[in-house]
Amino acid sequence: AQSVTQLGSHVSVSEGALVLLRCNYSSSVPPYLFWYVQYPNQGLQLLLKYTTGATLVKGINGFEAEFKKSETSFHLTKPSAHMSDAAEYFCAVSESYYGNNRLAFGKGNQVVVIP
Amino acid sequence: KAGVTQTPRYLIKTRGQQVTLSCSPISGHRSVSWYQQTPGQGLQFLFEYFSETQRNKGNFPGRFSGRQFSNSRSEMNVSTLELGDSALYLCASRLGLNTYEQYFGPGTRLTVT
């Protein structure tokens, strides 16, 4: 079964500094990988996804992530943090068997942006 | 295009009661999945429906059930509520079985007292 590890439940970053959220996955087949963001009292919003092809993927709000198969990682970055980036971020992996596509999520990173 | 909608947004129930939550997927999306989010267990997969058939089920007791209608709308039901069922229940839709990104609704916050 697939699984995701996100270290550091709370991440503090200064406004304008690099945002780096780490994600490592375990999957017995080539994975599909996702990052979602959750603002207070809201659902999950898809930031970006990797399915096949280019290993560096760009998402919304200036975020990007790189799939590294050898390291089983899919770290999320943003060059310059903005106050509006304060939210909870979840990495997720799915394995698609015959069209079944459950997502397994990491525990999440609560990002705090310090002015 | 409207996103995934869930009703109600908030719900308070008493232990032992049952509850039904509703989800309307994005127009044209035929697959609906349900997830439970709690502070302790995080986000956990409940089940997925496609064309009114349950395609996949997570590791939850039989008190948790769901169904999907011909218009792709879905409901989930929890019977004999327990305090531990208090959670945010999220519904997600995707276009079809060969698409992988799922789009989430705002969730239903269930509180069991």
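Residue numbers (this note's numbering), protein chains in the order written: chain A, 445 to 559; chain B, 14 to 126.
Beta carbons: idealized from backbone N, C-alpha and C, even for Gly.
ask   = Do the CB positions of Gly79(B) and Thr18(B) come within less than 8 Å of each other?
value = Taking 8 Å as the Cβ cut-off, Gly79(B) and Thr18(B) do not qualify as a contacting pair.
Straight-line gap, Ser44(B) to Ser538(A) (C-alpha atoms, nearest Å) = So the alpha carbons of these two residues sit roughly 15 Å apart.
Range covered by the beta strand (DSSP E) that runs through Arg86(B) = Note, Arg86(B): premise wrong, no beta strand (DSSP E); not H, not E.
ask   = Once you ignore the five residues that flank Ser37(B) on each side, which residues in its own chain have a CB closer than 6 Å to its CB?
value = Here the set comprises Thr18 and Arg86.
request  = Compare the C-beta of Tyr476(A) with all C-beta atoms of chain B and state if any pair is closer than 8 Å.
outcome  = Yes, its Cβ sits closer than 8 Å to a Cβ of chain B.
message = My output table needs one value for Gly55(B): the three-state DSSP class, helix, strand or coil.
response = Note: Gly55(B) maps to strand in three-state DSSP.
key: Beta-carbon proximity of Val448(A) to Phe511(A), cut-off 8 Å   = Contact: no.
ask   = In the segment 73-98 of chain B, which residues sit with their C-beta less than 8 Å from some C-beta in chain A, listed in chain order?
value = Per Cβ criterion, the list is empty.
query = Tell me, which residues are paired with Cys467(A) by DSSP?
reply = Bridge partners of Cys467(A): none, in fact.
key: Distance, Thr27(B) Cα to Gly506(A) Cα   = Going by the C-alpha atoms only, they are around 44 Å apart.
ask   = In angstroms, rounded to a whole number, what distance separates the CA positions of Met89(B) and Gly460(A)?
value = C-alpha separation (whole angstroms): 43 Å.
inquiry  = Cβ closer than 8 Å: which chain A residues qualify as neighbours of Leu103(B)?
reply    = Per Cβ cutoff of 8 Å: Gly487 and Leu488.
ask   = For the beta strand (DSSP E) that Gln554(A) lies in, which residues bound it at each end?
value = Counting along the chain, the beta strand (DSSP E) containing Gln554(A) begins and ends at Asn553 to Ile558.
key: Range of the contiguous beta strand (DSSP E) that encloses His526(A)   = Run containing His526(A): none; DSSP gives neither H nor E here.
inquiry  = Which residues in chain A have a C-beta closer than 9 Å to the C-beta of Pro119(B)? List them in chain order.
reply    = Correct list: Asn485, Gln486 and Gly487.
inquiry  = So, with DSSP's three-state summary, where would you put Gly79(B)?
reply    = In this structure, Gly79(B) counts as strand in the three-state DSSP scheme.
ask   = Gly55(B) versus chain A: which residues are under 9 Å apart at the beta carbon?
value = The contact set of Gly55(B) on chain A, defined by CB atoms closer than 9 Å, consists of Phe534, Phe549, Gly550, Lys551 and Gly552 in chain order.
task = Tell me, to the nearest whole angstrom, how far the beta carbon of Gly452(A) is from that of Asn553(A); I am working on the premise that it is less than 8 Å.
result = The Cβ separation is near 6 Å, so the contact holds.
ask   = From Tyr476(A) to Pro523(A), what does the alpha carbon distance come to, in whole angstroms?
value = Those two C-alpha atoms are separated by around 24 Å.
task = Taking only the alpha-carbon atoms, compute the straight-line gap between Thr126(B) and Leu59(B) and give it to the nearest angstrom.
result = So the two alpha carbons sit approximately 22 Å from each other.
request  = With DSSP collapsed to three states, give me the class of Ile25(B).
outcome  = Look at Ile25(B) here: in three-state DSSP terms it is strand.
key: For Lys551(A) and Pro52(B), the rounded distance between their alpha carbons   = Note on geometry: alpha-carbon atoms of Pro52(B) and Lys551(A) lie some 9 Å from one another.
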